[in-house]
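The numbering of the sequence shown is the numbering used here, which starts it at 20 and goes up by one. Beta carbons are placed, not taken as given, at the ideal position from N, Cα and C, and that holds for glycine. Remarks on the structure that follows.
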Amino acid sequence: MKASTAALFYFVLGGVLLMFTYFSVSESSWSFWSILLAAFAAYDFVMGFNYLRLMAEQNKKK
20 MKASTAALFY FVLGGVLLMF TYFSVSESSW SFWSILLAAF AAYDFVMGFN YLRLMAEQNK
80 KK
């Protein structure tokens, strides 16, 4: 999988998890599952940024 595809995948997955977190919090305040979903979304965004950094480093070497 190319770095750009992986970055896009992680950003989309993070956005979907963030949406589910928003719906969960609006229904019933902050629970364990809401915090867990938010943590997974944050992890996905970090992974997406790491793949973007990897892409930039690969383009710099060319």
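Euclidean distance between Cα positions of residue i and residue j
i, j, result
"F28", "S48", "28 angstroms"
"M38", "A58", "13 angstroms"
"A60", "Q77", "26 angstroms"
Proximity winner among the options, relative to residue i (alpha-carbon distances)
i, options, result
"L32", "F64, F68, S43", "F64"
"S43", "F30, G34, S53, L36", "S53"
"L36", "M20, E46, Y62", "Y62"
"M20", "Y70, F30, T40", "Y70"
Test: residue i CB closer than 9 angstroms to a CB of chain C
i, result
"A61", "The displayed structure is made up of one protein chain only, and chain C is not part of it."
Residue i beta carbon near the ligand SAH (any heavy atom closer than 8 angstroms)
i, result
"K21", "The ligand SAH is absent from the structure shown, which contains no ligand whatsoever."
Environment of residue i [buried if 16+ CB atoms lie within 10 Å]
i, result
"A75", "exposed"
"T24", "exposed"
"L56", "buried"
Simplified DSSP assignment, three categories, for residue i
i, result
"S45", "helix"
"K80", "helix"
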